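Asker: Before I ask anything, let me first share the structure, which is written out below as C-alpha cells.
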Amino acid sequence: MQTRELGVIDENIAVQREAVETDENSPQLLERLGNLWLALSERYETHGDQNDLEEAIEVVKQAIEVTEEDSLERMAQLSNYANFLGDRYLRTGSIRDLEESIHIFEMVCDRIEDDELYLDRHKCLSNFGIQLSRRYRRIGTVGDLRQAIQVGRKACKLSPDDDSKSKHLSNLAIILKHEYFRTDDPDVLEEAISVQRKAVEAVHKNHPDIFATFHNLATLLTTKYKLTQNLEDLEEALRLGRLAVDLTTEDHANRAACLNTLAVQLSDMSKKTGVSSHLHEAIDYGQKALDATEESHPERASRLVNQGGRYGNLFWQTKEKEHLDAAIAHLDSALHSPSAYDDSRIRAGK
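Okay, so the sequence shown: first residue is 271 according to the working numbering, each after it adds one.
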C-alpha cells in the first residue's frame with residue numbers, strides 16, 4: 271500500500287485542528303490552516319469521504335481570508351481552492367463548481383503569468399488545463415480544449431524535474447487524448463502516448479499517485495489498440511490496468527476510474543480472443559466500477575454505457591433474456607443520468 275495508514279492521517283488531522291483552534295490570532299495561522307487542509311486532502315484522496323473534501327474547502331477559504339489581497343500568497347490559496355472545487359465537481363457533477371474553478375484559475379494564471387517569484391506557476395497552469403478540458407467534455411466548446419492544450423504544454427515547459435513533472439505530463443497526455451477523440455488524428459494519439467511514457471519515467475517509484483501514471487498510459491494504449499488492433503498494445507494496456515487497480519486502496523477516490531479502464535480492456539480482450547472468461551471478468555470489474563461511482567458523477571453515464579455494451583455482448587453469446595434486459599437497463603440509466611457528458615448520452619441513445 272502506497273499511502274499512509276488511516277490512523278496516522280486521523281491523528282495528524284486532530285493535531286492540526288487543535289493547532290488552528292488554539293490561537294486564531296497566531297502569526298502562524300496561515301501555515302496551520304495549510305497543514306490542516308493538506309491533511310484533509312490526503313485523507314479524502316486516500317479514502318474518498320466527501321466530508322473531508324467539504325471541510326478542506328472551508329479551511330482553504332479561511333486561508334484566503336488571512337492573506338493580503340492580490341498577494342502571491344493569496345494567489346496560492348485561491349489556486350488550492352480552485353483545485354478543490356474541481357474535485358467536488360467530479361463528485362457532484364455541479365457545473366457551478368467547475369465554472370468557478372475555471373474562473374479562479376484564469377484570474378490567478380493571468381496574475382502570475384510573468385511573475386518569476388511565484389514558483390508554482392507550472393502547477394497552476396497544469397490544473398487550469400485539466401479544468402478547461404473537463405468543461406470541454408461537458409459542453410463541447412473547442413476553444414476550451416485548445417486553451418487547455420496551450421496551458422498544459424506551458425506547464426510542462428516550466429516544470430522543474432521533481433514529483434510535479436510527472437503529474438503535469440500526465441495532465442497534458444489526458445488533454446491530448448481528448449483532442450485525438452475530437453480530430454481522429456493518429457499523430458495526436460502518438461504524442462499523447464509519448465508524453466505519458468515520459469510521465470511514467472519521471473514518477474518516483476514510491477509516489478502515492480504512481481497508479482495514476484500507469485492508469486493513464488493504460489487508457490491511451492487501449493485507445494491505440496482500438497485504432498490499430500495490435501494485440502501487443504492491448505496486452506501492455508491490460509498489464510498496466512491490473513497494476514493500477516492493485517496499487518489503489520478499496521476506497522480511493524480514483525479507484526472507480528481504474529476499475530472501469532480494466533473492464534474496458536478485458537472486454538476488448540474478450541472480443542479479440544473469444545475467451546468468455548475475459549467478458550465475465552470485464553462485467554465483474556465494470557460492476558465494481560459502477561458501485562464505486564456516485565450517482566451524480568459526470569463519468570457515471572459513460573461507465574453505464576460500457577457495462578450495457580458488455581451485457582449486450584454476453585446476450586449474443588448466451589441468448590438469455592436477462593442479459594438483454596440488463597443491457598437495456600444500463601443504457602437507459604445512462605441516457606437519463608443527470609450530469610452526463612454529451613458524448614455519453616449520444617452513445618447510450620444509439
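The beta-carbon is built from N, C-alpha and C at its ideal position, and this holds for glycine as well. Nothing here was measured: the structure is a model prediction, and the numbers come from that model.
1) Should the segment 367 to 377 be regarded as contacting the segment 346 to 357, the criterion being three or more beta carbon pairs within less than 8 Å?
2) For a quick check, are the C-beta atoms of Ala418 and Tyr406 less than 8 Å apart?
3) Taking all protein chains shown into account, decide if Trp586 is buried (16 or more other Cβ within 10 angstroms of its Cβ) or exposed.
4) Apply the 10 Å Cβ neighbour rule to Arg573 and answer buried if 16 or more other Cβ atoms are within range, or exposed otherwise.
5) Please confirm whether Leu504 and Phe484 have their CB atoms less than 8 Å apart.
6) Is it a yes or a no for the segment 398 to 415 touching the segment 355 to 364, going by three-plus beta-carbon pairs under 8 Å?
7) Quick check: the segment 491 to 500 against the segment 520 to 530, are at least 3 beta-carbon pairs closer than 8 Å?
8) To the nearest whole angstrom, what separates the beta carbons of Gln420 and Ala443, a pair I think is in contact under 8 Å?
9) Could you give the DSSP three-state label for Gln320: helix, strand or coil?
10) Along the chain, where does the alpha helix (DSSP H) containing Asp357 start, and where does it finish?
11) Beta-carbon within less than 8 Å of Ala284's beta-carbon, same chain only, minus the 5 sequence neighbours each way: which residues are those?
12) Give the straight-line distance between the Cα atoms of Gly578 and Asp538, rounded to the nearest whole angstrom.
13) Taking DSSP as the reference, what is the three-state secondary structure of Ser546?
14) What first and last residue would you give for the alpha helix (DSSP H) that runs through Tyr406?
15) Suppose the cutoff is 7 Å on Cβ atoms and the five residues either side in sequence are ignored; what does the same chain contact list for His392 look like?
16) Taking the alpha carbon of Ala599 as the point to measure from, which residue in Glu565, Ser540, Arg313 and Tyr581 has its own alpha carbon closest?
17) Let me make sure I understand the geometry here. Which of Leu532, Lys542, Glu281 and Ser566 has the alpha-carbon closest to that of Ile553?
18) Considering only the alpha carbon of each residue, which of Ser464, Gly304 and Leu601 lies closest to Ala333?
19) Exposed or buried, what is Glu275 when buried is set at 16 or more other beta-carbons lying within 10 Å of its beta-carbon?
20) Is Leu308 near the ligand MG, judged by its Cβ being under 7 Å from some heavy atom?
21) According to DSSP, simplified to helix, strand and coil, what is Gln332?
22) Pop quiz: Ala472 and Leu490 are said to be a contact at Cβ under 8 Å. What is the actual Cβ separation, rounded to whole angstroms?
23) Quick check: what's the CA-CA separation for Asp390 versus Asp431?
24) Check whether the Cβ atoms of Arg404 and Leu368 sit closer than 8 Å, and answer yes or no.
25) Ignoring anything shorter than 4 residues, give me the alpha helix (DSSP H) runs that lie fully in the segment 478 to 550, in order along the chain.
26) Whose CA, out of Pro608, Val412, Lys475 and Ile480, lies closest to the CA of Tyr450?
27) Mapping the DSSP letters down to three states, classify Pro456 as helix, strand or coil.
28) Asn500 and Val623 - do their beta-carbons sit closer together than 8 Å?
29) For a test of the three-state rule: what should DSSP assign to Val278, helix, strand or coil?
30) Could you have a look at Lys589 and say whether DSSP puts it in helix, strand or coil?
31) Is the beta carbon of His567 less than 8 Å from the beta carbon of Arg361?
Answerer: Taking the structure as given:
1) yes
2) Along the sequence shown, read from residue 1 onward, the residue named residue 418 stands at position 148. Along the sequence shown, read from residue 1 onward, the residue named residue 406 stands at position 136. In contact: Ala418 and Tyr406 (Cβ atoms closer than 8 Å).
3) Counting from 1 along the sequence shown, the entry for residue 586 is found at position 316. Looking at its Cβ environment, which holds fewer than 16 other Cβ atoms inside 10 Å, Trp586 is exposed.
4) Within the sequence shown, numbered from 1, the residue matching residue 573 stands at position 303. By the C-beta density criterion, Arg573 is buried, having at least 16 other C-beta atoms within 10 angstroms.
5) Numbered from its first residue, the sequence shown carries residue 504 at position 234. Numbered from its first residue, the sequence shown carries residue 484 at position 214. Judged by beta-carbon spacing, Phe484 lies beyond the 8 Å limit of Leu504, meaning their Cβ atoms are not closer than that value.
6) yes
7) no
8) Residue numbering aside, residue 420 sits at position 150 when the sequence shown is read from its first letter. Residue numbering aside, residue 443 sits at position 173 when the sequence shown is read from its first letter. With 8 Å as the limit, Gln420 and Ala443 do not qualify as a contact, their Cβ atoms being about 15 Å apart.
9) On the sequence shown, residue 320 is found 50 positions in, with the first residue counted as 1. DSSP places Gln320 in helix when its eight states are reduced to three.
10) Here residue 357 is taken as the residue at index 87 of the sequence shown, counted from 1. Secondary structure note for Asp357: its alpha helix (DSSP H) is the uninterrupted segment Leu342 to Thr362.
11) Taking the first residue of the sequence shown as 1, we reach residue 284 at position 14. Excluding sequence neighbours, Ala284 sits near nothing in its chain.
12) As a position in the sequence shown, residue 578 is number 308, starting the count at 1. As a position in the sequence shown, residue 538 is number 268, starting the count at 1. Near 14 Å, if we compare the C-alpha coordinates of Asp538 and Gly578.
13) For the purposes of this step, residue 546 is identified with residue 276 of the sequence shown, where counting begins at 1. If DSSP states are grouped into helix, strand and coil, Ser546 belongs with the helices.
14) Mapped onto the sequence shown, residue 406 falls at position 136. That run of the alpha helix (DSSP H) goes Arg391 to Ile409.
15) To locate residue 392, count along the sequence shown from 1; it is residue 122. Excluding positions up to five away in sequence, the list reads Ala425, Leu428, Ser429, Ser434 and His438.
16) What you label residue 599 is simply residue 329 of the sequence shown in a count that begins at 1. Minimum Cα distance to Ala599 is reached at Tyr581.
17) Within the sequence shown, residue 553 is the residue found at index 283, counting from 1. Nearest of Leu532, Lys542, Glu281 and Ser566 to Ile553, Cα basis: Leu532.
18) The residue you call residue 333 lines up with position 63 of the sequence shown. When only C-alpha atoms are compared, the closest one is Gly304.
19) The sequence position of residue 275 within the sequence shown is 5, counting from 1. Answer is exposed; the Cβ neighbour count stays below 16.
20) Looking at this structure, you won't find the ligand MG or any other ligand, since it has none at all.
21) Taking the first residue of the sequence shown as position 1, residue 332 is located at position 62. Helix, per DSSP.
22) Position 202 of the sequence shown, counted from the start, is the residue given in the question as residue 472. Position 220 of the sequence shown, counted from the start, is the residue given in the question as residue 490. So it is not a contact: roughly 16 Å between Cβ atoms.
23) Within the sequence shown, residue 390 is the residue found at index 120, counting from 1. Within the sequence shown, residue 431 is the residue found at index 161, counting from 1. C-alpha separation (whole angstroms): 13 Å.
24) Here residue 404 refers to the residue found at position 134 of the sequence shown. Here residue 368 refers to the residue found at position 98 of the sequence shown. Going by C-beta atoms, Arg404 is nearer than 8 Å to Leu368.
25) 480 to 498, 501 to 517 and 525 to 543
26) Numbered from its first residue, the sequence shown carries residue 450 at position 180. The shortest C-alpha separation from Tyr450 is found at Val412.
27) Along the sequence shown, read from residue 1 onward, the residue named residue 456 stands at position 186. Pro456 carries a helical assignment under DSSP once its states are collapsed to helix, strand and coil.
28) This structure leaves residue 623 out entirely; the chain is present only between 271 and 620.
29) Counting from 1 along the sequence shown, the entry for residue 278 is found at position 8. Looking at Val278 - three-state DSSP - the assignment turns out to be helix.
30) If you number the sequence shown from 1, residue 589 lands on position 319. DSSP places Lys589 in coil when its eight states are reduced to three.
31) Within the sequence shown, numbered from 1, the residue matching residue 567 stands at position 297. Within the sequence shown, numbered from 1, the residue matching residue 361 stands at position 91. Going by C-beta atoms, His567 is nearer than 8 Å to Arg361.
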